[in-house]
Amino acid sequence: MSGTENQMTGAEIVLQALKDNGVKHIFGYPGGAVLPIYDEIFQQEEIEHILVRHEQGAGHMAEGYARSTGKVGVMLVTSGPGATNAVTPLQDALMDSIPLVCISGQVPTPLIGSDAFQECDTVGITRPCTKHNWLVKDVNDLARIIHEAFRVAQSGRPGPVVVDIPKDVQFATGTYTPPSAVPTQKSYQPKTQGDLKKIEEAVELMKTARRPIIYSGGGVINSGPQASHFLRELVELTDFPITSTLMGLGAYPHSGKNWLGMLGMHGTYEANMAMHDCDVMVCIGARFDDRITGRLNAFSPNSKKIHIDIDPSSINKNVRVDIPILGDVATVLEDMVRLWRAAAKTVDKARLENWWTGIAKWRARNSLAYTPNDDVIMPQYAIQRLYELTKDRDTYITTEVGQHQMWAAQFFGFEQPNRWMTSGGLGTMGYGFPAAVGVQVAHPESLVIDIAGDASIQMCIQEMSCAVQYGLPVKIFILNNQYMGMVRQWQQLLHGNRLSHSYTEAMPDFVKLAEAYGGVGIRCEKPGELDEAIRQMIDTPAPVIFDCRVANLANCFPMIPSGKAHNEMLLPDEATDEAVANAIDAKGRQLV
Amino acid sequence: MSAHLQPTGSAYFIAKETELAETHTLSVLVDNEPGVLARVIGLFSGRGYNIESLTVSETEHEAHLSRITVVTRGTPHVLEQIKNQLERLVPVHRVVDLTVRAANLGHDRPIERELALVKVHGSGDHRVEALRLADAFRASVIDANIEHFVFEITGKPSKIEQFIAIMKPLGLIEVCRTGIAAMNRGPQGM
């Protein structure tokens, strides 16, 4: 590169670098420090910019976009408040391993550190909530840094990155270097191939297991469709039962015969009991989170544990494992399936019979049961009907955070990966609706539904305006019980039923609210009218807010109360007022 | 089931740590880029790890590599986490637990040296005694007038601790220490 070849302004470099990294959509909000970039966006057509109503919305949209496509989500925000508003989605993406590139404007280089208007220390503030971040001080570094940002965001364990670009750098002229000409940072070279010796060891252990279980997680989704393919093949070949974390739903189909349902705090009885009693646990792309393990020193006490993960720091973090395998899930599973096939003849399939008989008994406990009601809509019933009426369509589901999220995970069956977008690690209320908008941008012809709660939806409701502007027919399905249901459930469990500030006395009229934004509002209060109302929602080619009035005081069971072990679950039929009030002792109360 | 719930302890192991804490010295090779030290120390503070000593300097100028030496204290489990978390940082090339490496090589511990400047104020017998002890510790005088000395001393941290303790009754004014520089014995690099 010499002379005037590839000479561009910083703003032009940003757009060129985004195009060269395959970006088609960006989610953003303009402001003083990004005006040069917005001027470039105005003068091109290859990249579509979606104007959000709040930077948090831009971040969650980019997350939904990324999670449903496997591509990197891109957001663009201005300096100061633009960047600080991006912090929540950045941390959300960090905890759920979502590849995100956030480009932020910064005050001009000479003003940095002077407390200038809309200045903040963006790289300082976002350092702990990103995988990596950069402040670009020289326009000639800009192209390299953006290419590197895309590589870091999507390779290894995916995550969010921030590229902070001062306004003078956006105006300055420098050399553009295409991605192929940029050397990668030597220090960051994640390992994807698993150690074959360890995989052989794992297969040996799995061959002799009498009570095995596969516990899979979001890493299988992140690793791509191949990973789900090999996971299904492995289950088929081994006939092992499989459970999954909240983040991993869809990697193995809900209709598969070896499926035990989700595990963890609100997981099924059979999944948690099988985890507790197993002799060999194969953890694939999950991280032994506290929602999963319950009380750690009682977690699956008699099992040998195999852990496949791309992130070395996830291994032995919470739970000691016997065979750690570092590598990409798809690559490791491919090797594992090959080794299992080679050894299949020597495997005694009958050894699992007793195990499956035991599991059948736990299944018969029917831990997701609830008492049906003809007069009020039970929230579980609402999800079941939503599932039945949408399962034959091309459907994507997002959620907010709370009881509705757990009911969605329990009652909506996922057959494919990348169809389920939820905030697992950070538990961000307000995630679901913008995420659904992002999914709809990526899949304009699909049915995209945000299963929401009445409290969560109000945290990012402003994006209705965005959905209407771009004609994105996202459906918001609110399980409206007028409570912050999960907060109330914990107050009932832990705080003597003193419902401090978990009841919303002034609720907006969601139908009118939808109409005010230019969308469509639907309200349903009777179980008998639910199917017809859901059909009407599906058939509406516009953003819909569906106000589904559900039983106010329903709680989410089964549940492992905090501080308890997998085999100390609270089942729905045992969850009397007294049992609920005494389920958690003084020590468990300190936990979250 | 719920009817027979036993009182239980905490859900987290940290409340009932059975392993003993150990002090280890880590060498971290990083790209010398803006903010890299903030990333490393932010990781320690954010995840609740300890820093007992920290030294940083560019060691390979052409490659822009800096070597961070950090002395930290934790259980073997926490120390393993610290190493893994450090390795996850994008500008980090390599992390070596010198204490573990030394044990593997059959040594008691890695070579650890520190430099300190020690200012002592005094007159008469105290002054004579300070100078005599400095000589015994091989500390050199780098500044003095008739009322004070500034000593420069290098050596193992324990030796420096001892020297400072002895200087206290003799008129110790201030101390500045570099923190520990460390590497393993033998021909291999980190």
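Chains as they are written, first to last, in my numbering: chain B, 790 to 1381; chain R, 12 to 201. The beta carbon of each residue, even a glycine, is placed where N, CA and C say it ideally should be.
My understanding is that residue i touches residue j, with C-beta atoms under 8 Å, so please give their C-beta distance in whole angstroms.
i: E125/R; j: T189/R; result: 6 Å
i: E163/R; j: L128/R; result: 6 Å
i: G1007/B; j: G1074/B; result: 6 Å
i: T911/B; j: D953/B; result: 5 Å
i: T1187/B; j: T1217/B; result: Rounded, the Cβ-Cβ distance is 12 Å, inconsistent with contact.
i: I1238/B; j: I1267/B; result: Their Cβ separation, rounded to whole angstroms, is 11 Å, which puts I1238/B and I1267/B out of contact at 8 Å.
i: E852/B; j: G859/B; result: E852/B to G859/B, Cβ: 13 Å. No contact.
Quick check on the burial criterion: 16 or more other C-beta atoms within 10 angstroms. Buried or exposed for residue i?
i: N1269/B; result: buried
i: M797/B; result: buried
i: S886/B; result: buried
i: L985/B; result: exposed
i: P180/R; result: exposed
i: W923/B; result: buried
i: S1156/B; result: buried
i: N195/R; result: buried
i: A1158/B; result: exposed
i: E123/R; result: buried
i: F174/R; result: buried
i: A806/B; result: buried
i: A22/R; result: A caution first: A22/R carries a pLDDT of 36, below 50, which makes its placement in the model unreliable, though a value can still be read off. Buried, because 16 or more other Cβ atoms sit within 10 Å of the Cβ of A22/R.
i: A800/B; result: buried
i: A14/R; result: Caution is warranted here: a pLDDT of 36 is assigned to A14/R, below 50, making its placement in the model unreliable, and no coordinate value can be reported.
i: C187/R; result: exposed
i: R1324/B; result: exposed
i: T919/B; result: buried
i: V152/R; result: exposed
i: N1143/B; result: exposed
Within this structure, are the beta carbons of residue i and residue j separated by less than 9 Å?
i: S1033/B; j: R1076/B; result: no
i: D1243/B; j: F1201/B; result: no
i: G1053/B; j: R1084/B; result: no
i: F148/R; j: K130/R; result: no
i: C891/B; j: V928/B; result: no
i: L865/B; j: Q1258/B; result: no
i: P878/B; j: H849/B; result: yes
i: M1253/B; j: L1302/B; result: yes
i: R120/R; j: S38/R; result: no
i: Y1185/B; j: L1236/B; result: yes
i: Q907/B; j: A875/B; result: no
i: D1183/B; j: R946/B; result: no
i: V101/R; j: V941/B; result: yes
i: H35/R; j: L76/R; result: no
i: F1222/B; j: A1197/B; result: no
i: L1360/B; j: R1154/B; result: yes
i: L144/R; j: I177/R; result: yes
i: V1108/B; j: F1019/B; result: no
i: V803/B; j: I935/B; result: yes
i: G871/B; j: V823/B; result: yes
i: W1209/B; j: L1023/B; result: no
What residues from chain R crowd round residue i, counting only those whose CB sits closer than 9 Å?
i: N1105/B; result: H88, E91, Q92, N95
i: E924/B; result: It should be pointed out that residue 924/B corresponds to Leu in this sequence rather than to Glu. Neighbours of L924/B on chain R, chain order: P45, G46.
i: H936/B; result: The premise fails here: H936/B is roughly 14 Å from chain R at the closest Cβ pair, so nothing lies under 9 Å.
What residues from chain R crowd round residue i, counting only those whose CB sits closer than 7 Å?
i: Y977/B; result: V101
i: D930/B; result: Within 7 Å Cβ-Cβ: nothing; D930/B doesn't reach chain R, min ~11 Å.
i: S1102/B; result: Q92, N95, Q96, R99
i: V941/B; result: V101
i: H921/B; result: V101
Can you pull the chain B neighbours of residue i, defined as C-beta to C-beta under 9 Å?
i: D42/R; result: Q974, K975, S976
Quick one: does residue i have its CB under 9 Å from some CB of chain C?
i: E98/R; result: Given the protein chain composition of this structure (B and R), no chain C is represented.
Quick one: which chain B residues come within Cβ less than 8 Å of residue i?
i: A49/R; result: G913, R916
i: H104/R; result: K975, S976
List, in chain order, every chain B residue whose beta-carbon is nearer than 7 Å to that of residue i.
i: G53/R; result: R916, P917
i: G57/R; result: P917
Is residue i near the ligand GDP - that is, is its Cβ less than 8 Å away from at least one heavy atom of it?
i: V51/R; result: By its list of ligands, the structure shown contains no ligand whatsoever, and the ligand GDP lies outside what it can speak to.
Under 8 Å: do the segment 983 to 990 of chain B and the segment 956 to 970 of chain B share three or more Cβ pairs, one atom per stretch? no
Segment contact, 8 Å Cβ cut-off, at least three pairs: the segment 1186 to 1193 of chain B with the segment 1364 to 1375 of chain B: no
Touching by the beta-carbon criterion (3+ pairs, under 8 Å), the segment 1249 to 1268 of chain B and the segment 1281 to 1290 of chain B: no
Kindly confirm or deny that the segment 1315 to 1332 of chain B and the segment 1156 to 1175 of chain B touch, where touching means at least three C-beta pairs closer than 8 Å. yes
Does the structure place the segment 1341 to 1350 of chain B close enough to the segment 1051 to 1065 of chain B that three or more beta carbon pairs sit under 8 Å? yes
Is there contact between the segment 999 to 1013 of chain B and the segment 1035 to 1055 of chain B, where contact requires at least three CB pairs shorter than 8 Å? yes
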